[in-house]
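Each residue of the sequence shown is one higher than the last, beginning at 326 in my numbering. Some notes on the structure that comes next.
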Amino acid sequence: MKWNITADKGFAIVLLYKPKTLRTVFVILLLLNSLQVGAQNAAYWQQRVDTKIEVRLDDAEHFLHAHLSLDYYNQSPDTLRFIYFHLYPNAYRTDRSAFARQDVANGSTDFYFSKKEQRGYLDSLQFLAQTDEGEEAKLGMILTEHPDIVKVILQEPLLPGSQIKLSTPFRVKIPEVFSRMGHSGQAYYLSQWFPKPAVYDAKGWHPYPYLNQGEFYSEYGSYEVAISLPANYILMATGNIVEEQEQRWLDSLTAIPLPPDTLYKNSNPPSAPNYKTVTFKEENVHDFAWFADKRWVVRKESIPLSDSEITAYTAFAPQHQKAWALGLASLKKTVNEFSKRVGPYPYKTIKAVEGLLVAGGAMEYPTITLIGGSKDPGEVHTLIVHEAGHNWFYGILGNNERLYPWLDESLNRFYENKIAPDSLNKGNQLLGGQDPNYFGYMMLAANGQTVPANSPSFDFPQLNYATDVYGKGAFYFKWLEDYMGEPAFQAAMQEYFATWKFKHPQPEDFEQLFKKHSIKNLSWFFEVLLPSAVAIDYSIAQVNRTENGTVVKLKNKSDLPLPVPVVRTVEGKVVEKHWTEPFLGTASLKFEGQEGLISIGSSVTDYNMSKNEERSPFRLKPFLGWNTHADRRAWVLPALGYNVYDRFLVGAVFHNLTIPKNKFQYALVPLYALGSKSFAGTGFINYSSYPQSDWLHSWHVRLSGKTFSFDKNNLNIDHYLYRRFIKVAPELVFEFKKPYYRSPIERSISLKTFWIREGQLAFNQDPTDSLYRPNPDQSKDLFYARVQYLHKNTRTFNPLDYCVEGQLGQQFAKLSLTAQLRIDYHLKNKAIYIRGYAGKFFNLASNPYDAYRYRLTQTSSGIHDYLYEETYLGRSEVATFPAQQISMREGGFKINTLQYANPIGLSDDWLFALNLKTDLPLAWVPLRLYADLGYSTAFNTAEQQRNLLYSAGLELYLGKYLSLYIPVLMSPVYSEYQTAIFPKNRFWHSISFSLNLKEIDWLNIGSGLVGN
Ligand SMILES: [Zn+2]
């Protein structure tokens, strides 16, 4: 029986949050738990693997031919009958591997659509075990559900305390770069390239398939790798070069003056005909990576540490020499700072090399890091500090990265932020020097989309992996450090390093040491903050200055009891600082002084900066801006509009649509119409709430309104009379929680009511000249209610959504179901689109004809948009060009027959439609074929005669928001209409268009920009 300490501990924490659960069970678990933690420290063990590899690079066919032999030391108390091996190159063998599936789920289809020759694999395995008698026995392998994991079956059980020698040949087809390993022409990035045992620790085996989003866990040991390749390759790898001749050659390269930056810009020197063999050795590492390129410039510098001397190397493309000018200085700074703050660097070399890389821009391996191509010196600096810093977090402190990325990525990022602040990075200046990952956290937190910082890497939605691990998680440690005090934090970190270097620390080991070094209670950090998805928001509620000092009242807007620092600053300097105890609701703090500014300390991971200072003045700013200030901001933008009645409209947008978004949002757009010489406008206000609920993600209350002219008439008069509508529509939306964080399912319910006032004109006959003339008449007030249930599956391939809708007006009711499915071809960005519609109409009017305008319709034009939900150029037009605007509503047909008194395709009973579209398998042609099929029943006999309709043609797809439709085939009733109504220019009149402006999600404009 295996004692599973962490599972128990996790369970105990869960119980803490469910107070109704039996308390006795909890107490027993807690007792068991503390006993086991104590026992575990005493009995810590880990396996050891010493690896030797001989490998030959074939740079013509991009193959590795290799032989592996390893000594596996079973230092566990268990008998092993098999060993799990990772064969990571096999992640690139098939599009069904865990890597390929995760990549598609993350929206990247490059690997999925790659050709066989671009992919890679590992084969030619034949595991042999050396017996005590020195004989070799062939070992069997059991395949697992993952192509990149096998079980090697041991012939004899491997007893505790014994060792085994295993060997196998292997061959690797090197893929193009889709993730971390691969080749780009004759530049080679060889990481996770050889068969490697999975970790066996106190929690059991850890066989993990390769993932892009999710890192590694490996056993410590020694490596000796002999690499044969054409002699003119520059080779950079984990560890130290054995051959003196190679070392001399490499060092001679570092003394060559810099070449022109055009060298090898578009070329690569041919490979030398002769091969060299270079051997690398290293101790106490858990991985071995190597990189080879013929074009690199190499530089080196030695870094003296207190009792060792380290040689730093950089290798980069001649064209990026400016960006890499300070590369060695970055390595030096990393070694010095991490050695001082965490623990001394134990290896003899540290290297940073440049390469083309897909995953994460850069990647770390023991003693060597690969940095993606960049022209920005600030970015190269922060990347080198981050990646080289990983030598400590995961290199030396080998936690399970796959399950606990907060122990390596968040911690490493925390130190990176201290050593290389992101403000140095040019790319971040757009965000006002803000750390982009933290900025992303603020953005997602404002949308109620955060994930607990201590989640396993594969549980995060892709964006959250960056924002919650690298952004939020790193800032959590800043908060902890501020709370403990820097000396206590550093002492804890240094003991953690000294205790756990070259070992596999677990989260509870980290927790135990930090609690040991803190005189304050750290339960809020480990038991409340880390496992919670709640976004942190505090505000200053009140500041009272008296003769005796200042009393500050704080408000905790997030539902977690956490401690908060509050500071008093005078002329930008903190003169007084106090911490609250962990609190809910409100808390008060007393300051001795009165002068200066009171604000919440910057170490708090607060996503909502408004009211974090005692004074938060209101400021109106031009255009747009970020929402990362303590003051409340609104923006003003010029606005321009057009419709055929009002003509051009000019005005302004007053809004607070920003990132991170506000809970209370508005956009108000007053406009002046140059044609109708009247005021018009549109706007909305919205309030969003994110309750901590098991099933409800959020609710939103909205009020939207607009007023424009929708018709004009100058019959027998010398000026136009206008008809105007006013719409006011309150709405309540509930968004349901996703079943799991990475789920592509979105579900919501919307309840919306409409009050719409429509201006009327009366046409009276003038007795003097018998002519009819329009006069303003009494407006009509119309009321509607609508309920919608929307279900969306946003998966990368074959996304699907459907909407069930009920409408109620004074004279009608409607029920409908609309479903849309995209079926992806086996070709990038090409698909078939299927839309289905079924609707039922209920006539509630005493005179059936009163409900005529509300009938179901195969083609939706401006006059059918009685809810004023769409944007039409001329919503009452029947004969001019704007009449050719249609919307994909109800039947989704593209041909209108508005000039008939009784247009085609109306129904007062049932209406069904099927709309099919397909991309053409031609690259870069924005043309689709479409076909519409409709069937309806009606009580009206004229409509019954044309209840089966079809049309088909071409769609010119001009982005998401504009499409043109050219019908080619259509039901005879449609062609009769076109022949009768358009004797001339029939082709032109048959073209219709749609403007899909409703697709713009103004409320989430920020997350849309960054998220998609
Ligand atoms: Zn990292």
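Think of the CB as a built atom: it goes at the ideal place given N, C-alpha and C, for glycine as much as any other residue.
Write down every uninterrupted run of the alpha helix (DSSP H) in the stretch 854-902 whose length is 4 residues or greater and which is fully enclosed by it, in chain order.
none
Sort out for me which residues DSSP pairs residue 1037 with in a bridge.
1047
Going by other Cβ atoms of all chains shown within 10 Å of its Cβ, with 16 needed for buried, is residue 1014 buried or exposed?
exposed
Using CA coordinates, which residue listed in 447, 461, 486, 457 is at the minimum distance from residue 474?
447
Please list, following the chain, all residues that have a C-beta closer than 6 Å to any non-hydrogen atom of ligand 1.
711, 715, 734, 737
Pick out whichever of 678, 764, 731, 714 has its Cα sitting closest to the Cα of residue 743.
714
State whether the stretch 565-577 contacts the stretch 602-611, with contact taken as three or more CB pairs (one from each stretch) at a distance under 8 Å.
yes
Expressed to the nearest angstrom, what Euclidean distance is found between the alpha-carbon atoms of residue 1046 and residue 953?
48 Å
Judging by CA-CA distance, which residue of 928, 851, 724, 1275 is the nearest neighbour of residue 811?
928
Where residue 351 and residue 437 are concerned, what is the direct C-alpha to C-alpha distance, given to the nearest angstrom?
Reliability fails at residue 351, whose pLDDT of 36 lies under 50, so the model's placement of it is uncertain and no value is given.
When you compare the CB positions of residue 983 and residue 860, do they come within less than 8 Å of one another, or not?
no
Would you decide whether residue 1106 is buried or exposed? Buried here means 16 or more other CB atoms lie within 10 Å of its CB.
exposed
Identified DSSP bridge partners for residue 561:
616
Are the CB atoms of residue 1182 and residue 1231 within a distance shorter than 8 Å?
yes
Residue range of the unbroken beta strand (DSSP E) whose run includes residue 1104:
1097-1118
What residues in its chain sit with their C-beta under 8 Å from that of residue 422, if we drop five residues either side in the sequence?
415, 416, 471, 472, 473, 534, 535
8 Å contact criterion, which residue 374 and residue 397 should meet: CB distance rounded
6 Å
With C-beta atoms as the reference, is residue 1034 less than 8 Å away from residue 1001?
yes
By DSSP's criteria, residue 411 is part of a beta bridge. Which residues make up the other side?
474, 521
In whole angstroms, give me the CA-to-CA distance for residue 846 and residue 856.
17 Å
In chain order, what residues of the same chain lie with their CB nearer than 7 Å to the CB of residue 455, ignoring the 5 residues before and after it?
461, 490
Relative to the C-alpha of residue 975, which candidate in 995, 698, 981 has its C-alpha closest?
995
Secondary structure of residue 804, DSSP reduced to three states:
helix
Apart from the five residues just before and just after residue 356, which ones in its own chain have a Cβ nearer than 7 Å to its Cβ?
Residue confidence is low: residue 356 scores 38 on pLDDT, short of 50, so the model does not pin down where it sits. No coordinate-derived value is stated.
The alpha helix (DSSP H) that contains residue 1297, what's its start and end?
1297-1306
Helix, strand or coil: which one does DSSP assign to residue 823?
helix
Coil, strand or helix - residue 1240 by DSSP:
strand
So, helix, strand or coil for residue 1130, using DSSP?
strand
Measuring CB atoms only, is the stretch 703-714 touching the stretch 504-516, in the sense that at least three cross pairs come out at less than 8 Å?
no
If you draw a straight line from the C-alpha of residue 918 to the C-alpha of residue 874, how long is it?
5 Å
Which residue from 1158, 1153, 1110, 1124 puts its Cα closest to that of residue 1140?
1110
For a minimum of 3 consecutive residues, which ranges assigned as the beta strand (DSSP E) are wholly contained in the stretch 482-551?
488-498, 507-509, 512-515, 524-526, 529-531
Inter-residue CB distance, residue 1086 and residue 1048 (contact presumed, cutoff 8 Å):
6 Å
Tell me the DSSP secondary structure of residue 1323 in three-state form.
helix
Using DSSP with H/G/I as helix, E/B as strand and the rest coil, what is residue 1055?
strand
Can you check whether the CB of residue 879 is closer than 8 Å to the CB of residue 905?
yes
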